[in-house]
Structure formats: structure tokens, C-alpha cells
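Have a look at the structure below before the remarks.
Residue numbers (our numbering): 76 to 371.
So this is what it looks like as C-alpha cells:
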């Protein structure tokens, strides 16, 4: 049953006059009569009594008039929702995010995304980079916030930010007297790092940068999340690395210093399958890139 026939039927039922109804429908009177005959043939029911002077609804036409309003609204709603889904304006989007990405960048992305597409329901899952790669291949998530590079080259990764690490240390550590530090000045310190399993490539990058500066960390303590790294630094058990001003927790006895010169960076990337990305996923990545650029 087509929307045009329903619209013309409703107008004729309101006007009960073919000329006025045809004018409102922007159609000729013969054209209106033809649409009406097609509708009656489809329904196998007579909808109007008509002669040269009068037009009136039959009992079947009266019933159909009441239901036609509802049906037309439903059809318009279905068409509207279908178009919105095609544009990504409504629907669902499941994303993965590492624990660091969750804290450092995700809230700002979600705020902007919700403003842009308020009818898209977001589901967030906390996952490691490797777990997100597996989840994307299975279709469990549509987008991920990870720490590149990836193992799976079949996935597409857009780097959205590269945030320099700062150092957190005890306020009684002699290095705290300096306003900025270099990586080389940390050669005699115990390093407090996130577990290698959380981000093996970033972990190895920090060690490699130390080697390039002519030393290896004399001792490494692994701790997570960032609050634990800050707490252990406050205990003067070593120096830790935090990748965002948002992780500068106001913990008494702990202080933060910038690293000057060569130093590690926390790289954040948005990953997705190389094909068949939904409009909502595209919008999420666009917003993620914009937010990420503000963190560099």
C-alpha cells in the first residue's frame, strides 16, 4: 500500500469533493479517481459513494479513514527511522577502550558524540589493545581506542594522539628540585611502569629509549593503574611515568615533572575494520581525532 494513495484518500475523505481534493493533492481529478480505484481494488472494498453531486464515505471507507491516519503516521515513522539509521543518526555502537584511553580521552569523545548523535546508544567495554583486535574481528565491537601499532594489519588504525609522558616522583627525591628532567637523568632510578602485558610495545619503547640514552633501568617495579604508580612514587620507591595531565593526581608527597628531549609518548589510535564501517562509527572516529588533537 503506497503512501501517496493513502494521502490522497485522506484528503478526499476530508473534502468529500474531487475538485478540492485534487487541488490539495496537486493532481488532476482523473488522476485522483485512478488512485482511488487502485486503492479500492487493492482493498477489495468500496470506500466512497459518489455521483455527479455528492461524495460520501461508505461504512468500509469510514473505518478505513480512521485507520489510515494511523497507518500514514507509521509509514512516515518507518521511513524516517530507516533514513536515520542509514545516516547513522540512530542505532547502537559498541566500542572498546584501553583503561588508559577510558580515563584520558573517552569522556570528552562520548560527550561530543552524544551531542552530535543523541539517538545512538553507546556501549563501552574496557579491553586491552590485543583483546580489541580480536573483538573487532568477531564483530563484538565496531570501534576501538587502542595503543598502536597493531598485530592485525587487516584492521585500519588512525592515530589520534601522541601524548608525552611526564615523570612522577617523591617530593623528597633530589630530582624533584629540578623544574624539568631528561631521560638520561633517570639512569640511577628505579622505574615504576605499567605491566608489560598491558602495553608490550610501549613498555619496550621506554626501555629502548633508555638504551639510546646509554643506560638500562637498574630496576623495574610494575604497577597499575596510574593511581598505583603515583602512590608508589609518593612512597619514594622509584619514579613513575604518567601520560596525561589528567593523571596528575593530587597526592600529597608526590610531584610531577616534564621530560625534556627524547622521551616516551602514549600513542592513542582509533581502530576499525577496513570495510563496512557504519556512519555512526565514522562519526565516532572523526570526533575522537578532533579530541585527540587537543591532547598533543
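For every residue, glycine included, the Cβ atom is placed at its ideal position computed from N, Cα and C.
None of these values were measured; they are calculated from a predicted model.
Could you tell me the distance, in whole angstroms, from the CA atom of residue i to the CA atom of residue j?
i, j, result
"residue 291", "residue 181", "34 Å"
"residue 127", "residue 94", "12 Å"
"residue 355", "residue 319", "28 Å"
"residue 328", "residue 265", "17 Å"
"residue 92", "residue 215", "57 Å"
"residue 245", "residue 333", "14 Å"
"residue 210", "residue 225", "13 Å"
"residue 80", "residue 111", "7 Å"
"residue 185", "residue 221", "16 Å"
"residue 122", "residue 352", "48 Å"
"residue 299", "residue 293", "20 Å"
"residue 237", "residue 277", "12 Å"
"residue 337", "residue 189", "38 Å"
"residue 77", "residue 102", "16 Å"
"residue 325", "residue 301", "12 Å"
"residue 82", "residue 119", "19 Å"
"residue 99", "residue 89", "11 Å"
"residue 279", "residue 239", "16 Å"
"residue 283", "residue 212", "31 Å"
"residue 370", "residue 281", "20 Å"
"residue 113", "residue 153", "23 Å"
"residue 87", "residue 151", "20 Å"
"residue 303", "residue 253", "24 Å"
"residue 109", "residue 115", "10 Å"
Taking the beta carbon of residue i as the centre, do at least 16 other beta carbons fall within 10 Å, making it buried, or is it exposed?
i, result
"residue 136", "buried"
"residue 396", "No information on residue 396 is available, as it lies outside the stretch 76 to 371 that the chain covers here."
"residue 106", "exposed"
"residue 305", "buried"
"residue 207", "buried"
"residue 217", "buried"
"residue 368", "exposed"
"residue 179", "buried"
"residue 339", "buried"
"residue 204", "buried"
"residue 138", "exposed"
"residue 272", "exposed"
"residue 170", "buried"
Since residue i and residue j are thought to touch, with beta carbons under 8 Å apart, how far apart are those beta carbons, to the nearest angstrom?
i, j, result
"residue 230", "residue 346", "5 Å"
"residue 250", "residue 316", "So it is not a contact: roughly 14 Å between Cβ atoms."
"residue 258", "residue 285", "7 Å"
"residue 296", "residue 187", "Contact doesn't hold; Cβ gap of about 37 Å is too wide."
"residue 233", "residue 344", "6 Å"
Counting only the same chain and skipping the five closest in sequence on each side, list residues whose C-beta sits under 6 Å from that of residue i.
i, result
"residue 183", "366"
"residue 289", "none"
"residue 331", "241, 243, 323"
"residue 364", "235"
"residue 274", "222"
"residue 262", "290"
Go through its chain and collect everything with a Cβ distance to residue i's Cβ below 7 Å, but skip five positions before and after it.
i, result
"residue 434", "Because the chain is modelled from 76 through 371, residue 434 falls outside the range shown and cannot be assessed."
"residue 255", "332, 333, 335"
"residue 311", "245, 247, 248"
"residue 270", "297, 299"
"residue 349", "229, 230, 231"
"residue 260", "250"
Sorted by chain position, which residues of the same chain lie with C-beta nearer than 8 Å to residue i's C-beta, five sequence neighbours on each side aside?
i, result
"residue 85", "140, 143, 144, 147"
"residue 308", "243, 244, 245, 267, 314, 315, 329"
"residue 168", "195, 196, 197, 198, 217, 218, 353, 355, 356, 359"
"residue 124", "130, 131, 132, 133"
"residue 378", "Within the shown structure, residues of the chain are numbered from 76 to 371, placing residue 378 beyond reach of any answer."
"residue 287", "337"
Does any residue of chain B have a CB that is nearer than 8 Å to the CB of residue i?
i, result
"residue 104", "Judged by its chain identifiers, the structure shown contains no chain B, having just a single protein chain."
In chain order, each alpha helix (DSSP H) run of at least 4 residues that lies wholly inside the segment 170-217: 174-179, 181-191, 204-213
Residue ranges of each beta strand (DSSP E) within the segment 286-321, 3 or longer: 294-297, 314-317
Contained beta strand (DSSP E) runs [length at least 3] in the segment 103-148, N- to C-terminal order: 123-125, 130-132
Unbroken stretches of the beta strand (DSSP E), 3 residues or longer, contained in the segment 325-355: 329-335, 340-348
Whole beta strand (DSSP E) elements within the segment 212-251, 3-residue minimum: 218-221, 230-239, 241-245
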